[in-house]
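A.B. asks:
In our numbering, the protein residues as written are 135 to 580.
(1) So residue 182 and residue 532 are supposed to be a Cβ contact under 8 Å. How far apart are they, rounded?
(2) Using the C-alpha atoms, what's the distance from residue 153 back to residue 636?
(3) Does the ligand ATP have even one heavy atom less than 6 Å from the beta-carbon of residue 276?
(4) If you follow the alpha helix (DSSP H) that residue 184 is part of, which residue opens it and which one closes it?
(5) What are the boundary residues of the alpha helix (DSSP H) that includes residue 254?
(6) Residue 440 and residue 278 - do their beta-carbons sit closer together than 7 Å?
(7) Report the residue from 188, 172 and 214 whose alpha carbon sits nearest the alpha carbon of residue 544.
(8) Apart from the five residues just before and just after residue 453, which ones in its own chain have a Cβ nearer than 8 Å to its Cβ?
(9) So what does DSSP say about residue 507, is it helix, strand or coil?
(10) Ignore the nearest five residues each way along the sequence and tell me which others in residue 284's own chain have a CB closer than 7 Å to its CB.
(11) Do residue 367 and residue 529 have their CB atoms nearer than 7 Å?
(12) Keeping to the same chain, check which residues put their C-beta closer than 6 Å to that of residue 412; ignore five residues upstream and five downstream.
(13) Can the beta-carbon of residue 470 be found closer than 7 Å to that of residue 479?
(14) Can you list, in chain order, the residues of its chain whose CB lies under 6 Å from that of residue 133, leaving out five sequence neighbours each side?
(15) What does the alpha-carbon distance come out to for the pair residue 357 and residue 238?
(16) Taking the straight line between their C-alpha atoms, what separation do you get for residue 525 and residue 535?
(17) In three-state DSSP terms, what is residue 523?
(18) Looking only at its chain, what residues have a beta carbon closer than 8 Å to the beta carbon of residue 482, apart from the 5 residues adjacent to it on each side?
(19) In terms of residues, what are the limits of the alpha helix (DSSP H) holding residue 168?
(20) For residue 165, I'd like the list of residues in its chain whose CB is within less than 6 Å of its CB, leaving aside the five on either flank, ordered along the chain.
(21) Return helix, strand or coil for residue 396, following the three-state DSSP convention.
(22) Considering Cα atoms alone, identify which of 346, 553, 578 and 269 is closest to residue 625.
(23) What are the boundary residues of the alpha helix (DSSP H) that residue 310 is part of?
(24) Does the segment 537-551 touch the segment 203-219, meaning 3 or more C-beta pairs lie closer than 8 Å?
(25) What is the rounded straight-line gap between the Cα of residue 301 and the Cα of residue 148?
(26) So, residue 466 versus residue 432, is the Cβ gap smaller than 7 Å?
(27) Classify residue 241 as buried or exposed, calling it buried when 16 or more other Cβ atoms lie within 10 Å of its own Cβ.
(28) Classify residue 274 as helix, strand or coil using the three-state DSSP reduction.
(29) Would you kindly report the start and end of the unbroken alpha helix (DSSP H) that includes residue 431?
(30) Report the option in 174, 306, 276 and 185 whose CA atom is closest to the CA atom of residue 141.
(31) Do residue 353 and residue 177 have their CB atoms nearer than 7 Å?
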């Protein structure tokens, strides 16, 4: 495959695109509840440290492979391996990455459909006056309704693949430029509202006053895993974006900007969520149900609660939409590398993801008791193995390829920080990031 001719129109467009890929359920859904489960501030500090030591170097490795190859992920890996005199079978890593995001997008689309349902319910004021038990019962009834779940899943996928089919500049870039600033505006509005609640002080103390006695080996592993998951590394998605990167853009500066923006979303979401939770005297360690059971109850008991809850679920929908669009891109880019036109590639990928997502939908009703592997049904399998095993495997191989396989000169040119800076980055990648990624992988397997 020849070099791609597509490019992001500006440095800002690239940063917003990569941030759009990174920001999603991991920041707004997973971060608050996993922070609550692991002691608050101590987990937060560990998470930030591992973003810098683990996530950021691997992110830079993934982007620079795409930038050096200027092709689809699979084609870039084969091209660069050939340049180094190594086996071109490394292209299978690109295929593995595409399969990983296929699995993730399949369940991601279903969960994102939940945000559509809750947004509509919030606008209609359906949570006002309800107890946690009543909201939980309504949520269970929704999960057990395959028709409604399928409708939301279908609608979300049409929203996603329609943008991807439009191309890099007319589709992905245009939407990222519009939605990412809107996402941050909504976050700032919600965080500003959190300041006015009685739980704001307790939320700040919970998030920023660490109790290191709460740190256990499991908390360390959870912080590593979340740092890895939240930056969207390991699935070759950022490799596809690196291929479109402007020639004169500083890769390290862009990667640091993305990491800062990604962390800021998690922090602002945490402040907004925990302030409301504490204001209502609820438990911040509610687990995954924090988003879809605890928050509707907490918001609905506050002045103008339906308005604030609607803004929150709109924020969640925007975050998952931009993230899904950016997850779908490497799959479409891979098929384009095999000669398929973008529109056809997007349609094919969308259809296959819909079918897998439909099986995930039925996992809550018709086939909930069907064990596929390791005692898990389809949804449990897709939402567990790809993020906890496939992503670390992909990240490990991507880091190894960038650190030891691809031509050093190509890696240094793509990184663009001079020989000394390149050597420091490569040593950090080799002797810190790769071992930590291995720890994340082993913990996922266990």
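Yeah, the Cβ is synthetic: ideal placement off N, Cα and C, and Gly gets one too.
C.D. replies: On the basis of the coordinates in this document:
(1) Here residue 182 corresponds to residue number 48 of the chain shown, with the count starting at 1. Here residue 532 corresponds to residue number 398 of the chain shown, with the count starting at 1. Actually they do not touch by this definition, with Cβ atoms about 22 Å apart.
(2) For residue 636 there is no data in the structure shown, the boundaries of the chain being 135 and 580.
(3) This structure simply doesn't include the ligand ATP, nor any ligand for that matter.
(4) As a position in the chain shown, residue 184 is number 50, starting the count at 1. Looking at the DSSP string, the run of the alpha helix (DSSP H) that includes residue 184 is 175-184.
(5) The sequence position of residue 254 within the chain shown is 120, counting from 1. Per DSSP, residue 254 belongs to the alpha helix (DSSP H) from 225-257.
(6) Within the chain shown, numbered from 1, the residue matching residue 278 stands at position 144. Within the chain shown, numbered from 1, the residue matching residue 440 stands at position 306. It is not a contact, given that the beta carbons lie outside the stated cut-off.
(7) Position 410 of the chain shown, counting from 1, holds the residue named residue 544. Taking only the C-alpha atoms, the option nearest residue 544 is 214.
(8) Looking up residue 453 in the chain shown gives position 319. The residues are 157, 158, 159, 161, 162, 317 and 399.
(9) Here residue 507 refers to the residue found at position 373 of the chain shown. Residue 507 falls in the strand class under three-state DSSP.
(10) Residue mapping note: residue 284 aligns to position 150 of the chain shown, counting from 1. Taken in chain order, the residues that qualify are 492 and 495.
(11) Counting from 1 along the chain shown, the entry for residue 367 is found at position 233. Counting from 1 along the chain shown, the entry for residue 529 is found at position 395. Yes; because the gap between Cβ atoms is below 7 Å, this pair is in contact.
(12) Position 278 of the chain shown, counting from 1, holds the residue named residue 412. Once the five neighbours on either side are set aside, the close Cβ partners of residue 412 are 333, 336 and 337.
(13) Taking the first residue of the chain shown as 1, we reach residue 470 at position 336. Taking the first residue of the chain shown as 1, we reach residue 479 at position 345. In contact: residue 470 and residue 479 (Cβ atoms closer than 7 Å).
(14) Examination of residue 133 is not possible in this model, given that the chain is present from 135 through 580 alone.
(15) Along the chain shown, read from residue 1 onward, the residue named residue 357 stands at position 223. Along the chain shown, read from residue 1 onward, the residue named residue 238 stands at position 104. Rounded to the nearest angstrom, the two C-alpha atoms are 20 Å apart.
(16) Position 391 of the chain shown, counted from the first residue, corresponds to residue 525. Position 401 of the chain shown, counted from the first residue, corresponds to residue 535. If I take the Cα positions, the gap works out to 15 Å.
(17) For this step, residue 523 is matched to residue 389 along the chain shown. Note: residue 523 maps to helix in three-state DSSP.
(18) Start at 1 with the first residue of the chain shown, and residue 482 comes out as number 348. Excluding positions up to five away in sequence, the list reads 469 and 474.
(19) One-based indexing of the chain shown puts residue 168 at position 34. Counting along the chain, the alpha helix (DSSP H) containing residue 168 begins and ends at 165-171.
(20) As a position in the chain shown, residue 165 is number 31, starting the count at 1. Within the same chain, residue 165 has close Cβ partners 400.
(21) Taking the chain shown and counting its residues from 1, one reaches residue 396 at position 262. Correct three-state label for residue 396: helix.
(22) Because the chain is modelled from 135 through 580, residue 625 falls outside the range shown and cannot be assessed.
(23) For the purposes of this step, residue 310 is taken as the residue at position 176 of the chain shown. Segment 308-329, the alpha helix (DSSP H) holding residue 310.
(24) yes
(25) Against the chain shown, residue 301 aligns to sequence position 167. Against the chain shown, residue 148 aligns to sequence position 14. Near 14 Å, if we compare the C-alpha coordinates of residue 148 and residue 301.
(26) Taking the chain shown and counting its residues from 1, the one referred to as residue 466 is at position 332. Taking the chain shown and counting its residues from 1, the one referred to as residue 432 is at position 298. Taking 7 Å as the Cβ cut-off, residue 466 and residue 432 do not qualify as a contacting pair.
(27) Looking up residue 241 in the chain shown gives position 107. So residue 241 ends up on the buried side.
(28) Translated into positions along the chain shown, residue 274 becomes position 140. Helix, per DSSP.
(29) For the purposes of this step, residue 431 is taken as the residue at position 297 of the chain shown. Counting along the chain, the alpha helix (DSSP H) containing residue 431 begins and ends at 429-434.
(30) The count along the chain shown starts at 1 and reaches residue 141 at position 7. Looking at the Cα atoms, 306 is the closest of the given residues.
(31) Position 219 of the chain shown, counted from the first residue, corresponds to residue 353. Position 43 of the chain shown, counted from the first residue, corresponds to residue 177. It is a contact, given that the beta carbons lie within the stated cut-off.
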